[in-house]
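A quick write-up on the structure given underneath.
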């Protein structure tokens, strides 16, 4: 079954998150401009089933849900993924690269 994802920009994600929204399941974010998420705290965000190609450098993504997320061209240098769930993605490749243990 092919999943239809809603495309959003990083600005839209940040705006909706700031308004209190945390559920971003099945979104597609292909927004590779640098520094948009640097140091931004998106703890508790739910990106389950989403497709991501963004620069997470320095972002804080504690306790985030990345279950079954498709990771494209992403950078995550110095990002904080503490307690995040990476179940079902890329056969564990991304968590291994991040030095994390899958939940």
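Residue numbers (my numbering): 32 to 134. No residue lacks a Cβ here, since even glycine has one placed at the ideal position from N, Cα and C.
Cβ neighbours of residue i in the same chain (closer than 6 angstroms, five flanking residues each side left out)
{"i": "residue 61", "result": "84"}
{"i": "residue 67", "result": "41"}
Residue environment, residue i, which counts as buried when at least 16 other CB atoms sit within 10 Å
{"i": "residue 65", "result": "exposed"}
{"i": "residue 113", "result": "exposed"}
{"i": "residue 46", "result": "exposed"}
Proximal residues to residue i (C-beta, below 8 angstroms), its chain only, five neighbours per side dropped
{"i": "residue 135", "result": "Only positions 32 to 134 of the chain appear in the structure, and residue 135 is not among them; the question remains open."}
{"i": "residue 79", "result": "56, 57, 96, 97, 98, 99, 100"}
{"i": "residue 35", "result": "57"}
{"i": "residue 40", "result": "60, 62"}
{"i": "residue 109", "result": "88, 89"}
Distance cut-off 6 angstroms: residue i Cβ against heavy atoms of the ligand ZN
{"i": "residue 61", "result": "As presented, the structure is devoid of all ligands, the ligand ZN included, so that no description of it is given."}
Cβ-Cβ distance between residue i and residue j below 7 angstroms
{"i": "residue 74", "j": "residue 94", "result": "yes"}
{"i": "residue 87", "j": "residue 105", "result": "yes"}
Chain-order list of residues whose beta-carbon lies under 7 angstroms from that of residue i (same chain, five-residue window excluded)
{"i": "residue 54", "result": "77"}
{"i": "residue 48", "result": "73, 76"}
8 angstroms contact criterion, which residue i and residue j should meet: CB distance rounded
{"i": "residue 71", "j": "residue 90", "result": "5 angstroms"}
At which residue ranges does the region 56–111 contain complete beta strand (DSSP E) runs of 3 or more residues, listed in the order of the chain?
58–62, 82–85
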